[in-house]
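For the sequence shown, the UniProt record's numbering begins at 1 and goes up steadily by one.
The beta carbon of each residue, even a glycine, is placed where N, CA and C say it ideally should be.
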Amino acid sequence: MKLKKMMAMLLVGATCVGMMAGCGSSGSSSGGNGSAESTGSGESGKITLVMAQRDEFLSTLEAAATKAAAEKGYKLTAQDAQSDSQKQIQFVETAKNGGEDAVIVNPVDSDAAQSIVDAAGDMPLVFVNRPPTDLHVLDAENVAFVGSDEDTSGYFQGEYLAQYYKDKGQTEIKYILLQGILGQVSQIKRCAGVVKALEDNGIKATPVVELAAEYDRAKAIDKISPVLTSGQEFDCIISNNDAMALGAVEACENAGITIDFPIVGIDCTKDGAAAVESGKMAMTVFQNPEGQGIGAVMACANLIAGKAINEGTDYDLDSNGESYSDSIIWVPFEPVTKDNVADYM
1 MKLKKMMAML LVGATCVGMM AGCGSSGSSS GGNGSAESTG SGESGKITLV
51 MAQRDEFLST LEAAATKAAA EKGYKLTAQD AQSDSQKQIQ FVETAKNGGE
101 DAVIVNPVDS DAAQSIVDAA GDMPLVFVNR PPTDLHVLDA ENVAFVGSDE
151 DTSGYFQGEY LAQYYKDKGQ TEIKYILLQG ILGQVSQIKR CAGVVKALED
201 NGIKATPVVE LAAEYDRAKA IDKISPVLTS GQEFDCIISN NDAMALGAVE
251 ACENAGITID FPIVGIDCTK DGAAAVESGK MAMTVFQNPE GQGIGAVMAC
301 ANLIAGKAIN EGTDYDLDSN GESYSDSIIW VPFEPVTKDN VADYM
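Structure (structure tokens):
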């Protein structure tokens, strides 16, 4: 395990040590729920984590949250909604009726956030990874969001591509875009961010085709394969996540196409990092699942204790000055290229 992911796991350990020691001052090694009596090896309460689905990224988030909760003295139970929004709401209702102290939700449908808030009632609720479409459902006293600012993820991709083509003396490009689940905040902002970065850096970018592959590798292969063999010219493949980018890599290999153009992703999964190292992908953007899992548990503990949701962490609250800003913790994205990918493996 190299530097960046090791640092993430050290943050888990440092935070958990601080949790066991009780709270007080700020910083990554302190903070918790406000009382030494509720920390330590015994359980002080229960938290339910309801995930939209299980994949590599979310499973890593779940593991980090489970460990952080255990060190805090909470028993965390994870549920998989299997991409079913109604099932997810039922899990939240069950947690509420079962007397859970808090619930963490990775929403299937960001538009359904208000229904999730209603199902949670007065039980502290933390959305993680995927934000509500309407951030006004957040409430610093009882409802929070922990994730990474999607405005920056696609922008990092665009900055990389802009520099790549500037170095080639090229100011106009054509791209294939692999999109996540249409309408989700992450899909919308990742697509907008990459285009904006290209424009901001003087690159005129025209889509050849935009394909919705729902963050799924197999679907990306199915969707992009006919395009790759159609004879249409393109300069790069932009993907909303690593799984679809890897699908594009596989589809190119299946079609006998030499990958001498950039394929870019987001998440920096294990397989994504390996593809960057080998040169099959040009770059990815690290999204910190451990940090999001820890941050969500810390936010739960702080909501229960009536504290600022980022107390005991190194993460910043939203700085936009909106009514919901104190209800958002940002865990930064980080660009990853062949130059620094060893730090993330």
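In angstroms with no decimal places, state the Cα-to-Cα distance between residue 325 and residue 137. 12 Å
Using CA coordinates, which residue listed in 74, 261, 171 and 268 is at the minimum distance from residue 340? 268
Taking the alpha-carbon of residue 229 as reference, which of 239, 243 and 254 has the nearest alpha-carbon? 254
Give me whichever residues DSSP pairs with residue 316 in a beta bridge. 330
What is the DSSP secondary structure of residue 279, reduced to helix, strand or coil? coil
Touch check for the segment 110-127 and the segment 249-266: three-plus C-beta pairs under 8 Å? no
Those runs of the beta strand (DSSP E) which lie wholly inside the segment 45-102 and span at least 3 residues: 45-51 and 74-80
Going along the chain, which residues of its own chain have a beta-carbon closer than 6 Å to the beta-carbon of residue 212, five neighbours each way excluded? 179 and 182
To the nearest angstrom, report how far apart residue 275 and residue 153 are at their CA atoms. 18 Å
Report yes or no: do three or more beta-carbon pairs, one from the segment 68-77 and one from the segment 129-146, lie closer than 8 Å? no
Can you tell me whether residue 218 is buried or exposed? The criterion is at least 16 other CB atoms within 10 Å of its CB, across all chains shown. exposed
What residue range is occupied by the uninterrupted alpha helix (DSSP H) comprising residue 208? Unbroken run through residue 208 is the beta strand (DSSP E), 204-212; no alpha helix (DSSP H).
Of the residues 257, 240, 238 and 214, which one's Cα is nearest the Cα of residue 53? 214
Ignore the nearest five residues each way along the sequence and tell me which others in residue 355's own chain have a CB closer than 7 Å to its CB. A query on residue 355 cannot be resolved here, the shown segment of the chain reaching from 1 to 345 and no further.
Do you know whose CA, among 250, 189 and 96, lies nearest residue 353's CA? Lying before the first or after the last residue shown, residue 353 is absent from the chain, which here runs from 1 to 345.
What does the Cβ neighbour count give for residue 62, buried or exposed, with the cut at 16 atoms within 10 Å? buried
Tell me the rounded alpha-carbon separation between residue 336 and residue 149. 16 Å
Just to confirm the assignment: which complete alpha helix (DSSP H) runs, minimum length 4, are found wholly within the segment 147-232? 150-167, 185-200 and 217-228
Starting from residue 297, trace the alpha helix (DSSP H) both ways and give me its first and last residue. 289-305
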